[in-house]
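Asker: Quick note, the sequence shown lines up with residues 893 to 1339 if you use the working numbering.
Could you have a look at this structure, given as structure tokens, before my questions?
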Amino acid sequence: MQGNRQGPRPDQQNHGPPQRRPNHMDQQRRSGGDSNGQHLENCEPPSANAGITIDLQNFRKPGEKTFTQRSRLFVGNLPTGVTEPEVEKLFSKYGKASEIFINKDRGFGFIRLETKTMADIAKAELDDTVFRGRQIRVRFATHGAALTVKNLPQFVSNELLEEAFSMFGQIERAIVIVDDRGRPTGKGIVEFTSKPAARKALDRCSDGAFLLTSFPRPITVEPMEQLDDDEGLPEKLVNKNQQCHKERDQPPRFAQPGSFEYEYAMRWKALLEMEKQQFEQVDRNIKEAQEKLEAEMEAAQHEHQVMMMRQDLMRRQEELRRMEEIHNQEVQKRKQQELRIEEEQRRREEDMRRHNEEIMRRQQEAGFKGGNFGNPENREQDMRMMPGPGGMPGMNRNPLAGNAGNVPNAGNNEGAAGNPPMPVGGALFPRGPPGPADFAHNKRRRF
């Protein structure tokens, strides 16, 4: 019996004496350092913020936005009467905080750090630590302005998704979810900076049809379901009531065939299998309906394009016909204007011709009334240019002085003026004495 008790343990067979692996805490105690590798002075217990100095620039990704909802932490089970400066001092190691809220009555608060990486480090180091005699809980706060986007087209990227939803408000993060091979799954996540912007996007997309590409399939938007897949449910957080103890009375096992629990376990399994098959059938029906709708949409889109082309052709033909009508009207107006101009010119020429004819007729009538003396004006000029007394032309101011009735007056003038007597007879009128036509009623007497 003693030999059996002193026999080697199963994990020590063929391995010699048991060897104790070096403990990390033992090395720190021997080296006098804390959990971060720094040496402690005077062997004092490490404080909550003791550790290495963190370079915040090394934990910031290129282009990463700071102080977002993803870096917001929930701090629970805080001591009574804790203040914001105390909580800020507790998290001072992880950078400057932009938001600190403490509910002193209920013992919880929120703090927002600069980046998601720093929030991860703070959560990992401060969760379940003792702060002023109480073990605090540090978790990521629920993102109340996050939305889940479904039915995304195949060629939508993170940038296009962010650009599309930026019309509703400022966006912190927009991600298209892909599988393990990088292929899009048709789902995405959009995180806004405020809840009103997320509510606006949710209402607008629910009421209308929001399209991201030329493919006319609208996306669907839902509030994002907040899940914690990092820590899950630890044993210490299980509500160990009477029901819990009753269900956990037996350890995990496989049901024995033929037993009561095996029979109902198989019935549950059949029900779950039927549910799985029905879900698969629904998925197949939906997929067939989608393919049918896509085919109908392509045919309708082609027909719509043909109709639009036909309407565009008819519109262009109508515009061409209207332009031809306008051109014909302009040509007709131009011809009418040319005809009016020609008619006006013809009328003016006719008036001018008539005027010239009237002038010529009047001249001819005047010539007939003058007898053989020709033009009276020429005749008057000839009489004026006759030689007067003394042989000087143009000096005879009275061409009728040679008339028989006027001869005595000439003699009187001669005696009075001492001038020689004026010639009588044909010498004064080389063309003959004036006749009755020269003294007609329509002739102007100029002498």
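Each residue gets a CB set at the ideal place from its N, CA and C atoms; glycine is no exception.
Can you check which of these residues, 1155, 981 and 1213, is closest to residue 1024 by C-alpha distance?
Answerer: Nearest C-alpha to residue 1024: 981.
Asker: Are the beta-carbon atoms belonging to residue 1015 and residue 1004 less than 8 Å from one another?
Answerer: No, the Cβ-Cβ distance between residue 1015 and residue 1004 is not below 8 Å.
Asker: Just checking residue 1130 against the ligand GTP - is the residue's beta carbon closer than 7 Å to any of the ligand's heavy atoms?
Answerer: The ligand content of the structure shown is nil, which means the ligand GTP is not present either.
Asker: Would you kindly check if the distance between the Cβ of residue 1104 and the Cβ of residue 1052 is under 8 Å?
Answerer: Yes, these two residues count as a Cβ contact at 8 Å.
Asker: Measuring straight from C-alpha to C-alpha, what distance separates residue 1140 and residue 1156?
Answerer: Cα to Cα, the separation comes out at about 18 Å.
Asker: Going by beta-carbon coordinates alone, are residue 1085 and residue 1037 separated by less than 8 Å?
Answerer: It is a contact, given that the beta carbons lie within the stated cut-off.
Asker: What number of angstroms, rounded off, separates the C-alpha of residue 1154 from the C-alpha of residue 1122?
Answerer: Cα to Cα, the separation comes out at about 34 Å.
Asker: Quick check on the burial criterion: 16 or more other C-beta atoms within 10 angstroms. Buried or exposed for residue 1215?
Answerer: The residue in question, residue 1215, is exposed, as its Cβ has fewer than 16 Cβ neighbours within 10 Å.
Asker: So, under 8 Å CB-CB, residue 1096 and residue 1057 are touching, yes? Tell me the CB distance rounded to an integer number of Å.
Answerer: Going by Cβ atoms, the distance from residue 1096 to residue 1057 rounds to 10 Å, so no, they are not a contact pair.
Asker: Please look up how many angstroms separate the CB atoms of residue 879 and residue 996, rounded, as I've assumed it's under 8 Å.
Answerer: The shown model of the chain, from 893 to 1339, leaves out residue 879, and the question about it has no answer.
Asker: Using three-state DSSP, classify residue 974 as helix, strand or coil.
Answerer: If DSSP states are grouped into helix, strand and coil, residue 974 belongs with coil.
Asker: Do you know offhand how far residue 1017's Cα is from residue 1028's?
Answerer: Roughly 11 Å separates the two Cα atoms.
Asker: Where residue 1107 and residue 1193 are concerned, what is the direct C-alpha to C-alpha distance, given to the nearest angstrom?
Answerer: Their backbone Cα atoms lie some 10 Å apart in a straight line.
Asker: Going by the CB atoms, is the gap between residue 993 and residue 1340 shorter than 8 Å?
Answerer: Absent from the structure is residue 1340, since the part of the chain shown begins at 893 and ends at 1339.
Asker: Could you tell me the distance, in whole angstroms, from the CA atom of residue 1220 to the CA atom of residue 1228?
Answerer: Approximately 12 Å between the Cα atoms of the pair.
Asker: Give the DSSP-derived three-state secondary structure of residue 1038 in the structure shown.
Answerer: Residue 1038 falls in the strand class under three-state DSSP.
Asker: If you run the structure through DSSP and keep just helix, strand and coil, what is residue 1067?
Answerer: If DSSP states are grouped into helix, strand and coil, residue 1067 belongs with the strands.
Asker: With 16 other CB atoms within 10 Å as the buried threshold, where does residue 1191 fall?
Answerer: Burial call: exposed.
Asker: Between residue 1048 and residue 1068, how many whole angstroms is the CB-CB distance? I'm expecting something under 8 Å.
Answerer: The Cβ separation is near 6 Å, so the contact holds.
Asker: I'd like the list of long-range same chain contacts for residue 1231, defined as Cβ closer than 8 Å, with 5 residues on each side in sequence excluded.
Answerer: Excluding residues within five positions, none has a Cβ falling inside 8 Å.
Asker: Counting C-beta neighbours from all protein chains within 10 Å, is the total for residue 1243 16 or more, i.e. buried, or is it exposed?
Answerer: Result: exposed.
Asker: Do you know offhand how far residue 1013's Cα is from residue 1115's?
Answerer: Taking the straight line from one Cα to the other gives about 28 Å.
Asker: Helix, strand or coil for residue 1107, going by three-state DSSP, please let me know.
Answerer: Correct three-state label for residue 1107: coil.
Asker: Given a cut-off of 8 Å on the beta-carbon distance, is the pair residue 1101 and residue 1039 in contact?
Answerer: No, Cβ-Cβ distance for residue 1101 and residue 1039 is not below 8 Å.
Asker: Between which two residues does the alpha helix (DSSP H) harbouring residue 1028 extend?
Answerer: Note, residue 1028: premise wrong, no alpha helix (DSSP H); not H, not E.
Asker: Which class does residue 879 belong to by DSSP, given the choice of helix, strand or coil?
Answerer: Here the chain comprises residues numbered 893 to 1339, so residue 879 is not present and cannot be evaluated.
Asker: Going straight from the alpha carbon of residue 958 to that of residue 1099, what length do you get?
Answerer: Taking the straight line from one Cα to the other gives about 33 Å.
Asker: Taking the C-alpha atoms as reference points, what is the distance between residue 1170 and residue 1008?
Answerer: Answer to the nearest angstrom: the Cα atoms are 41 Å apart.
Asker: What did DSSP end up calling residue 1259 once you bin it into helix, strand or coil?
Answerer: Reduced to three states, the DSSP call for residue 1259 is helix.
Asker: To the nearest angstrom, report how far apart residue 1200 and residue 1073 are at their CA atoms.
Answerer: Approximately 41 Å between the Cα atoms of the pair.
Asker: Rounding to the nearest angstrom, what Cα-Cα distance links residue 977 and residue 1035 in this structure?
Answerer: Near 25 Å, if we compare the C-alpha coordinates of residue 1035 and residue 977.
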